[in-house]
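S.K.: Sharing a structure below in structure tokens format, with a few things to ask.
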Amino acid sequence: MSAETPSRRRERIDRGIKVRTAGLYALMSWRELSYLILPRLVLIVGLLGLPMMMPGMYWKRVISIVCIYALLAIVFDFLAHFVGLVSLGGAFFVGTGGYLSAILNIKLGLPPLLCVPGATLLGGALCTLLLLPCLPLRGVYFAIVTLMYPLLLARVIEALNILGGTDGIMGIDSFPSAWIEQYLVIVLVLVFLFGLRRLVNTDLGLVLRAVKDNDQAVRASAMNVTFYKALGVFIGASIGCLAGACLVHIYMWAGISTFALDFSVLPIAATVIGGSGTLVGPLLGCLILVPVSELLRDFGTLRIVFYSLILLGFTVFRSEGLMVFGQRKYHQFERWKSI
Amino acid sequence: MTGQPILQVQEVTKTFGGIIALNRVSFEVREGEILGIIGPNGSGKTTVVNCITGFVKVTAGRVFFRGRDITSRPPHQIAGLGVTRTFQIMRPYYSLPAYKNLVIPLFSPRARRTGGWRGGGRMGDRNTVGIDILEEIGFERDSYVPYKVTSTLPTGYLKRLELARCLALKPELIICDEVFSGLSMSEIASMVPLIERLQMEGITLIMIEHRLRELFQVANRVMVLNFGEKLVEGSSGEVMADARVREAYFGSEAVEEVMVHA
Amino acid sequence: MDILIYGTINSVTLALYALGFALVYGVSRLPNFAHGAIYVLSGFIAWSVINTLGLNHLLAIVITMVVTALIGSAIYLIFLIRVRGMAISEIIASYAIALAILEGLRWKGFKGMTYTLPVFIEGSTSIAGVSVDYQRLLVVGVGAALVAFLWVFTHHTRIGLALRGMAQDERAALMLGIDSDVMAVVAMGLGSMLAALAALMLLPLGNIVVESGYNVLILAIAVCIVGGIGSWAGAVMAAFLIGFAQILTVVYLGAHYQMVVALLAIILTLILKPSGLFGQQKELEERV
């Protein structure tokens, strides 16, 4: 105490006040403003500029796939860390959204830009309905049921030979232009990323987090827990279905492989690597994992082994994730120098 | 205290497997009074709370709130009618700051209708309303306490937070499950006036307690449970004088000592 | 008559799938998503032992069971013990292990018709006019013997009693000097051994295929949920219920619906009685 000069002490106290009122003080200087905005700006500009940096069609397509996976990973992170439901079935959402969009396009002849939102809402509602029985229960049921649905639906389609059977539905319209195709998914990722970040900090988001924290207290607060879980699942499932619908229109084909394991595993792996509970982390994880998995495409199912091992390693030994680590380091910058 | 009966519990029985936790317990609570429920450990006190508030399903019997049958309705509906409870083992949202804990009850349909404890009609900013409630219940507004993450708060504040959660719903009846237990003497001393104030504001309370001295200070009537059965009901003096209560609850020798202290 | 006999065989098959899963979940509350993977893995171990080392069949069985038990314990010791009690991480980690094993096997090229295990006894007999091969009869026999053995094991041996103690109340078991970590490892080893036994009994009836890993997992989970998690008697009863339901749907509706039955059983159980038909865990009844 005695070694601390009065001025140092004042600085320390002021710094404490500033930390508590960071939002307010940030507007006071360009430095503070840039400190807050820069990371977000880098993300937005980087993501929008990424397709232009890519050499060929193939890598541009990879960017779209990254975004599809990123949507799924964000959904996983949202459900697991803000609603408290572990979904092992990203493929369930992708498959449902994909097939619905394909049906809307082929059977009803709607243009893709109408099919996609239609499939999003319909798919969200359908998935929520199918998952409703396991929502009032605690424990591992949600994980089990979401794991089973994609396996089961794929088998039902295969066995009954409906919806094109093993061949899938072909001849789906693509998006009107390559430019829309490329940027639609990127913009969607950014919108839902920042949208969900905003959502989890609103009062509704607090309620969802409270459900995860302590459901008994939420019930004692006169709130219907199942309703809010269902709402969370609806939000998540809709975004997942949106990803599926976009995917189908990009590939112009909907088949059983939309229920494939990749869509379930890779988003989880990306979330765990990127840092769970941050919502940005999953995007970062996808930016790393998807290109790597494209490079490994020649090795067939080895790439699933690869993600699972990464997933296992990060879950068991390094559960923090890159983004949490990065954020901590970033906040440790000495930034309150000038007061 | 001769208000209308607000809560009527009729012949409520609850069994867990072969164990009879509650056996045909009946009592009623009148508007504006404080009813104390005491009994040895395992006598079914908390089960009574759970049965009234719907956290467990009643095996037989009925519960009426203001003449309306609320037996085995889901907890959120019962709480939505204004029958609120605290938990013996506190259940705050540990990852949130204290005032954010109140955003959740304030988000409920009941609070949106009533505007929270003091509210009349439309709800303003939930954070502000939450801090106001916390201040009234003894969180110092100008300190950092209401803004601290709940997991760092001491027991006394957590107990108050439990009460604050009930108040956010603008309750008609609060069932307090051992709000005094685990508190130091000075904390209890500051809690007692708070309870009295709640009563003065027209809230009916049921208090489940082990701390008899403080309970007898505030309670208008006391009911004794033993092995899931209602033993006796009456004013604190009547209850203490009852031979069966001494026998079952205190053990025969301990009675003299408690009487001296009380 | 067909239905009765094949229903029984199918039910015993399901019970064999489920017992290992039920054991691990009951004791250490770990939903072992790697159960199906261990099942398939043990099939390939047995195949390798028989075909590359050229060992005697009976010896191969013993070796496979021991090796699988060791692998199971090792998986638990290296990975799962570190995330013990963290439900989300447990699920993800065991699921990752399952995928790594199954997709790894698929990548190594273990697929196709060439991978079959020899049956123990060739030939078939006919019971009441229905022809049944000996291997299927053996499955029923082994299944019955296994249930009897498990009952004796858990009621009359030290380890068995310790496992039951832990299944009922882990903290109380800790206070009685039962090392819960060791017991969890033992349970995982035993569960893996049961999976291996099931594989050795059932795989000779068909080819070894990687996909069956997922099916086994789904069926095992279905049986456990319907029967009530933590109740072995319930699991056996549920195996019969689902087993017969499956055979009936196959006979009257078609083979496509076989897996649908399992999922429908899970969903219906979750809606109607979440603790399972014979479950004792009341906390699962409590809906949120």
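Read top to bottom, the protein sequences are chains A, B and C. All residue numbers in the first sequence are consecutive under this note's numbering, ending with 339. All residue numbers in the second sequence are consecutive under this note's numbering, ending with 1262. All residue numbers in the third sequence are consecutive under this note's numbering, ending with 2288. For each residue, glycine too, the CB sits at the ideal point set by N, CA and C.
Check the Cβ of Val2040/C against every Cβ in chain A and list those closer than 9 Å, keeping chain order.
M.R.: Going along chain A, no residue has its Cβ under 9 Å from Val2040/C, so there is no contact; the nearest lies around 14 Å.
S.K.: Nearest CA to the CA of Gly285/A: which residue from Asp77/A, Met53/A, Leu126/A?
M.R.: Asp77/A
S.K.: Work out the CA separation of Val86/A and Gly1082/B for me, nearest whole Å.
M.R.: 34 Å
S.K.: Are Phe1139/B and Arg1165/B touching if we call contact CB-CB under 8 Å?
M.R.: No, these two residues do not count as a Cβ contact at 8 Å.
S.K.: By DSSP, does Glu1229/B sit in helix, in strand, or in coil?
M.R.: In the structure shown, Glu1229/B sits in a strand (DSSP, three-state: E or B).
S.K.: With DSSP as the reference, label Glu1135/B as helix, strand or coil.
M.R.: helix
S.K.: Using only the alpha-carbon positions, how far apart do Leu1102/B and Asn214/A sit?
M.R.: 13 Å
S.K.: So does the stretch 65 to 73 of chain A actually touch the stretch 284 to 298 of chain A, counting three or more Cβ pairs closer than 8 Å?
M.R.: yes
S.K.: For a quick check, are the C-beta atoms of Val2216/C and Tyr2039/C less than 8 Å apart?
M.R.: yes
S.K.: With a cut-off of 8 Å on the beta carbons, I'd call Gly274/A and Gly313/A a contact; round off their distance for me.
M.R.: Gly274/A to Gly313/A, Cβ: 14 Å. No contact.
S.K.: Closer than 7 Å, Cβ to any Cβ of chain A: which residues of the stretch 2055 to 2069 of chain C, in chain order?
M.R.: none
S.K.: Looking at the secondary structure, which residues open and close the alpha helix (DSSP H) in which Asn214/A lies?
M.R.: From DSSP, Asn214/A is part of no alpha helix (DSSP H); its letter is neither H nor E.
S.K.: Show which residues of chain C have a CB atom less than 7 Å away from the CB atom of Tyr141/A.
M.R.: What Tyr141/A touches in chain C: Leu2270.
S.K.: Residues in its own chain within less than 6 Å of Pro1005/B by CB, not counting five upstream and five downstream?
M.R.: If you ignore the 5 residues before and after Pro1005/B, its C-beta comes within less than 6 Å of the C-beta of Glu1028, Arg1030, all in its own chain and listed in chain order.
S.K.: Is any beta-carbon of chain A found at less than 8 Å from that of Glu2170/C?
M.R.: no
S.K.: For the candidate residues Tyr307/A, Ser308/A, Gly281/A, Phe299/A, whose alpha-carbon lies nearest to that of Gly326/A?
M.R.: Gly281/A
S.K.: Compute the beta-carbon to beta-carbon distance between Thr146/A and Leu126/A, rounded to the nearest angstrom, for a pair I have assumed lies under 8 Å.
M.R.: Not quite, the Cβ-Cβ distance comes to about 14 Å (not below 8 Å), so this is no contact.
S.K.: I need the straight-line Cα distance from Asp167/A to Leu247/A, nearest angstrom please.
M.R.: Cα to Cα, the separation comes out at about 17 Å.
S.K.: Which of the three DSSP states, helix, strand or coil, is assigned to Pro1097/B?
M.R.: The answer is strand: DSSP assigns Pro1097/B an E or B state.
S.K.: Return no unless some Cβ of chain C is closer than 8 Å to the Cβ of Leu231/A.
M.R.: no
S.K.: Residues of the stretch 210 to 225 of chain A with a CB closer than 8 Å to any CB of chain B: list them in chain order, please.
M.R.: Ala210, Asp213, Asn214, Gln216, Ala217, Val218, Arg219, Ala220, Ser221, Ala222, Met223, Asn224, Val225
S.K.: In angstroms, rounded to a whole number, what distance separates the CA positions of Tyr58/A and Ala230/A?
M.R.: 38 Å
S.K.: I'd like to know whether the C-beta atoms of Glu1162/B and Ile1203/B end up nearer to each other than 8 Å.
M.R.: In this structure, Ile1203/B does not lie closer than 8 Å to Glu1162/B by Cβ.
S.K.: Can Ser2192/C and Thr2068/C be called in contact, C-beta distance under 8 Å?
M.R.: yes
S.K.: Do Gly98/A and Ala217/A have their C-beta atoms within less than 8 Å of each other?
M.R.: no
S.K.: Between which two residues does the alpha helix (DSSP H) carrying Ile2003/C extend?
M.R.: 2002 to 2028
S.K.: When the Cα atoms are used, what is the spatial distance from His1288/B to Val1224/B?
M.R.: The displayed coordinates of chain B run from 1001 to 1262. Any statement about residue 1288/B would go beyond what the structure contains.
S.K.: Alpha carbon to alpha carbon, what distance is there between Cys67/A and Ala357/A?
M.R.: Examination of residue 357/A is not possible in this model, given that chain A is present from 1 through 339 alone.
S.K.: Tell me which residues of the stretch 85 to 106 of chain A have at least one Cβ-Cβ distance to chain C shorter than 8 Å, keeping chain order.
M.R.: Val86, Leu88
S.K.: If we count the other Cβ atoms within 10 Å of its Cβ and call it buried at 16 or more, is Ile2221/C buried or exposed?
M.R.: buried
S.K.: Considering only C-alpha positions, which residue in the set Val156/A, Leu33/A, Pro39/A is nearest to Leu2264/C?
M.R.: Val156/A
S.K.: Would you please verify whether the beta carbon of Ala1189/B is less than 8 Å from any beta carbon of chain A?
M.R.: The beta-carbon of Ala1189/B is placed no less than 8 Å from the nearest beta-carbon of chain A.
S.K.: By Cβ distance below 7 Å, which residues in the same chain neighbour Leu104/A in space, the five residues on each side in sequence not counted?
M.R.: Excluding five sequence positions before and after Leu104/A, the CB atoms of its chain that fall closer than 7 Å to its own CB belong to Leu110, Cys115, Gly118, Ala119, given in chain order.
S.K.: Within 10 angstroms of its Cβ, does Leu2219/C collect 16 or more other Cβ (buried), or is it exposed?
M.R.: buried
S.K.: If we ignore side chains and look at the alpha-carbon of each, how far apart do Val2209/C and Tyr2017/C end up?
M.R.: One Cα belongs to Val2209/C, the other to Tyr2017/C, and the distance between them is close to 15 Å.
S.K.: Does Ala1098/B have its Cβ less than 8 Å from a Cβ in chain A?
M.R.: no
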